[in-house]
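Residue numbers (my numbering): 601 to 1042.
Note that beta-carbon positions come from the ideal geometry of N, C-alpha and C, so glycine has one too.
Have a look at the structure below before the remarks.
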Amino acid sequence: MTAAIPAQILGGIIYPAVTATCAFPDLRVCYDVSVLQRVWVLCKLTGSATLAPAKGGLSMVLGWQVVFGFAVLSGAAAGEMWLDADSYGDVRVVVAASASESEKEAAREFRRYWKDATGHDIEAASSPDAGGVNVWIGRDGLPATWLAGLNLDALGTDGVCLRTVDAQNLIIVGGRERGTLYGVYEFFERYVGVRWLTPEVTHIPEPPPHALRTIDYRYVPPFIYRDTSYTVRRPNKAYFEQVHKQSRHPGIGLGVHSFYMLLPPDEYFAEHPEYYSEIQGERVALLGVNAYDPADMLAHPEARGAQLCLSNPEVVAALATSLKRIMREQPDRKIFNVAQMDWANNCQCDACRAIDEQEGSPSGSILTAINSLADIVAEEFPDCYVGTLAYQYSRRPPKHIRPRDNVLITLCSIECDFSVPLDDPRSSINRGFIEDLKGWAA
């Protein structure tokens, strides 16, 4: 079964796993059950996506491989020989003194894994070895003739470019924040066969490849945010995210269920009950209980949670004030979640119901408010995104409203059946999710 999905803005939480091979603009996404417990993805696409059955079992999880027993990809299988094993000790890493800290870390990581994979402890310098083989890390110091035509600015923060210029020179370059570092991991994963399986287990092939062929590889992730959230990664979470090229640096602001972080009921409800959900004619909010403390929630089973009244323009204005304050305090973050609490009780006031009925889903009032909020914060933070959830009662997309360019939707598949692929037509539960996915991507 193959279904074309023109994608504009899309995201998802996948339980227990989603496997994908990403190739923009034709994104192939295939779902498969695995040992993973959860994959969280926010993505922003401007091309098209195609759902297809997985081939060869578990192949890729949003751009990073967890492959067991798969042949190392050459990237240029029909290319010429570039470097044979007898020359592995002749390699020098070239990294400019003016390189960014991330690029310098990339050079250190290249030397580390080169030694692990080949047994050769190679040197690093700011100038090339005229008689040896040079691996250039980062863009500073690269000859202008090599840079011509590479369009490195198009790589963004996370894109990578790996190219053998000639028999003596390989360049690994990418975005200065993370891209070059990711390029090093891409090299070892794709061409040497290294696999970072868990924080404690890294697979280094023995013996190393007998030779490396010429390389001409370029990749820009179509997913602007890539993250996994399963238990095995936690002992060394930051490094595990790094080697798997997950764009979590510095991560999403405000976590997930953030309405009460931005407008805490204990601070606002007494004076502004109209900010919160109307349920059966009564304004409702969780009072006197910490919504973000599971122990406190369990200790108060009578507590009644609800959402915000999102048709109220004063709520949007109050959210904007609170959100902009947090954005100023966290200038390194580029994505901030403004999303429903982890329970039901969306607002049933006449104004919210009118929007939701017109749009065929409670996502209508949510996205109406989030779009307005995104317009406000874009004036001060034009390079930031506002994220929200399509989750449980709001999973179905609205009929007419579409996210602003600076809005990201996290589509949540918590109800799905993971004993079969998500696009398996035999699963009525999963069919509903796929229809929602197509709707959000339309």
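* To do: Say whether the stretch 700-718 touches the stretch 768-788, bearing in mind that this needs 3 or more beta-carbon pairs closer than 8 Å, one atom from each stretch.
  => yes
* To do: Starting from the C-beta of Thr802, find all residues in its chain whose C-beta is less than 6 Å away, skip the five residues before and the five after it, and write them out in chain order.
  => Within the sequence shown, residue 802 is the residue found at index 202, counting from 1. Closer than 6 Å at Cβ, skipping near neighbours: Trp796.
* Asked: Hey, quick one: how far does the alpha helix (DSSP H) through Arg763 stretch, first residue to last?
  -> Here residue 763 is taken as the residue at index 163 of the sequence shown, counted from 1. Counting along the chain, Arg763 falls outside any alpha helix (DSSP H), though it belongs to the beta strand (DSSP E) covering 760-766.
* Of the residues Gly783, Cys952, Gly731, the one placed nearest Leu755, counting alpha carbons only -> Position 155 of the sequence shown holds residue 755. For the residues Gly783, Cys952, Gly731, the minimum Cα distance to Leu755 belongs to Gly783.
* Determine which residues share a DSSP beta bridge with Asn937 and list them. => For the purposes of this step, residue 937 is taken as the residue at position 337 of the sequence shown. DSSP output for Asn937 lists Gly987 as bridge partner(s).
* Compare the Cα-Cα distances from Gly855 to each of Ile879, Glu979, Tyr892, Glu882 and report the closest residue. => Here residue 855 is taken as the residue at index 255 of the sequence shown, counted from 1. Cα-wise, what sits closest to Gly855 is Tyr892.
* **With 16 other Cβ atoms within 10 Å as the buried cut-off, status of Ser1013** => Numbered from 1 along the sequence shown, position 413 holds the residue referred to as residue 1013. Its Cβ being crowded by 16 or more others within 10 Å, Ser1013 is buried.
* Taking all protein chains shown into account, do 16 or more other C-beta atoms lie within 10 angstroms of the C-beta of Ser1019, making it buried, or fewer, making it exposed? -> Taking the first residue of the sequence shown as 1, we reach residue 1019 at position 419. Exposed, because fewer than 16 other Cβ atoms sit within 10 Å of the Cβ of Ser1019.
* Ignore the nearest five residues each way along the sequence and tell me which others in Tyr991's own chain have a CB closer than 7 Å to its CB. => The residue you call residue 991 lines up with position 391 of the sequence shown. Closer than 7 Å at Cβ, skipping near neighbours: Gln940, Cys1012.
* May I ask you to report which of helix, strand or coil DSSP gives Ile970? => Against the sequence shown, residue 970 aligns to sequence position 370. Helix.
* **Met927, buried or exposed, once every other Cβ within 10 Å from all chains shown has been counted against 16** => In the sequence shown, counting from the first residue as 1, residue 927 sits at position 327. Per the 10 Å Cβ criterion, buried.
* Terminal residues of the alpha helix (DSSP H) in which Glu709 lies -> Within the sequence shown, residue 709 is the residue found at index 109, counting from 1. Segment 701-718, the alpha helix (DSSP H) holding Glu709.
* Asked: For the candidate residues Ser702, Arg692, Ile815, whose alpha-carbon lies nearest to that of Ala730?
  -> As a first step, residue 730 is located in the sequence shown; it is residue number 130 there, counting from the start. Checking every option, the nearest Cα to that of Ala730 belongs to Arg692.
* Which of helix, strand or coil DSSP assigns to Thr745 -> Counted from its first residue, the sequence shown places residue 745 at position 145. Thr745: helix per DSSP, three-state reduction.
* Going by DSSP, name the residue or residues bridged to Ile852. => Residue mapping note: residue 852 aligns to position 252 of the sequence shown, counting from 1. Answer by DSSP bridge pairing, in chain order: Ile935.
* In chain order, what residues of the same chain lie with their CB nearer than 7 Å to the CB of Asn890, ignoring the 5 residues before and after it? -> The count along the sequence shown starts at 1 and reaches residue 890 at position 290. Counting only Cβ-Cβ distances below 7 Å, and skipping sequence neighbours, we find Asp896.
* **Pairwise C-alpha distance: Ser877 and Gly884** => Here residue 884 corresponds to residue number 284 of the sequence shown, with the count starting at 1. Here residue 877 corresponds to residue number 277 of the sequence shown, with the count starting at 1. In the sequence under discussion, the amino acid at residue 884 is Val, which differs from the Gly named in the question. Rounded to whole angstroms, Val884 to Ser877 spans 6 Å at the Cα level.
* To do: Could you pull out every residue in the same chain whose Cβ sits closer than 8 Å to the Cβ of Ile722, ignoring the five residues on either side in sequence?
  => Position 122 of the sequence shown, counted from the first residue, corresponds to residue 722. Result list for Ile722: Gly689, Val691, Arg692, Val693, Arg711, Trp714, Lys715, in chain order.
* Cβ neighbour criterion (16 or more within 10 Å) applied to Lys560 -> The structure shown does not extend to residue 560, since the chain is modelled only from 601 to 1042, so the question has no answer here.
* **CB contact flag (Thr764, Val773, <7 Å)** => Start at 1 with the first residue of the sequence shown, and residue 764 comes out as number 164. Start at 1 with the first residue of the sequence shown, and residue 773 comes out as number 173. The answer is no: Cβ separation not under 7 Å.
* **Asn1030: first and last residue of the uninterrupted alpha helix (DSSP H) it sits in** => Within the sequence shown, numbered from 1, the residue matching residue 1030 stands at position 430. Segment 1028-1041, the alpha helix (DSSP H) holding Asn1030.
* Rounded C-alpha distance that separates Glu1035 from Ala920 -> Numbered from its first residue, the sequence shown carries residue 1035 at position 435. Numbered from its first residue, the sequence shown carries residue 920 at position 320. Whole-angstrom Cα-Cα distance: 32 Å.
* To do: Note down, in chain order, each residue of its chain lying with its Cβ closer than 6 Å to the Cβ of Gly1039, except the 5 sequence neighbours on either side.
  => In the sequence shown, counting from the first residue as 1, residue 1039 sits at position 439. Pro997, listed in sequence order.
* To do: Can you have a look at Pro805 and say buried or exposed, based on whether 16 or more other CB atoms are within 10 angstroms of its CB?
  => Looking up residue 805 in the sequence shown gives position 205. By the 10 Å Cβ count, Pro805 comes out exposed.
* Taking the continuous alpha helix (DSSP H) assigned at Tyr819, which residues delimit it? -> If you number the sequence shown from 1, residue 819 lands on position 219. No alpha helix (DSSP H) contains Tyr819, which is instead part of the beta strand (DSSP E) from 816-819.
* Pick from Trp682, Leu683, Ala724, Asn751 that is closest to Ala699, judged by C-alpha positions -> Within the sequence shown, numbered from 1, the residue matching residue 699 stands at position 99. Per the Cα distances, Ala724.
* Go to Ala1047, then tell me how far its alpha helix (DSSP H) extends in each direction, as first and last residue. => Look at the range of the chain in this structure, 601 to 1042, and you will see that residue 1047 is not part of it.
* Do you know offhand how far His900's Cα is from Met861's? -> Working through the sequence shown from its first residue, we reach residue 900 at position 300. Working through the sequence shown from its first residue, we reach residue 861 at position 261. Rounded to whole angstroms, His900 to Met861 spans 19 Å at the Cα level.
* Asked: Which of helix, strand or coil does DSSP assign to Pro1012?
  -> Translated into positions along the sequence shown, residue 1012 becomes position 412. The sequence given here places Cys at residue 1012; Pro does not occur at that position. Cys1012 falls in the strand class under three-state DSSP.
* Asked: For Asp686, does the three-state DSSP call read helix, strand or coil?
  -> Against the sequence shown, residue 686 aligns to sequence position 86. Residue state, collapsed to three classes: helix.
* Straight-line gap, Phe859 to Pro931 (C-alpha atoms, nearest Å) -> Stepping through the sequence shown from its first residue, residue 859 is reached at position 259. Stepping through the sequence shown from its first residue, residue 931 is reached at position 331. Rounded to the nearest angstrom, the two C-alpha atoms are 21 Å apart.
* C-beta atoms of Asn946 and Gln907 nearer than 7 Å -> For the purposes of this step, residue 946 is identified with residue 346 of the sequence shown, where counting begins at 1. For the purposes of this step, residue 907 is identified with residue 307 of the sequence shown, where counting begins at 1. Taking 7 Å as the Cβ cut-off, Asn946 and Gln907 qualify as a contacting pair.
* Which partner residues does His803 have in the DSSP bridge list? -> For the purposes of this step, residue 803 is taken as residue 203 along the sequence shown, with counting starting at 1. According to DSSP, His803 bridges with Arg795.
* **Among Glu703, Thr718, Glu701, Ser702, the one whose alpha carbon lies nearest that of Ala685** => Numbered from its first residue, the sequence shown carries residue 685 at position 85. Closest by alpha carbon: Thr718.
* If Gly775 sits next to Thr757, beta carbons under 8 Å apart, how far is it from one beta carbon to the other, in whole angstroms? -> Residue 775 sits at position 175 when you count from the first residue of the sequence shown. Residue 757 sits at position 157 when you count from the first residue of the sequence shown. Contact holds; Cβ gap of about 4 Å.
* To do: Give a yes or no on whether the C-beta atoms belonging to Tyr875 and Val915 are separated by under 7 Å.
  => Taking the first residue of the sequence shown as position 1, residue 875 is located at position 275. Taking the first residue of the sequence shown as position 1, residue 915 is located at position 315. Taking 7 Å as the Cβ cut-off, Tyr875 and Val915 qualify as a contacting pair.
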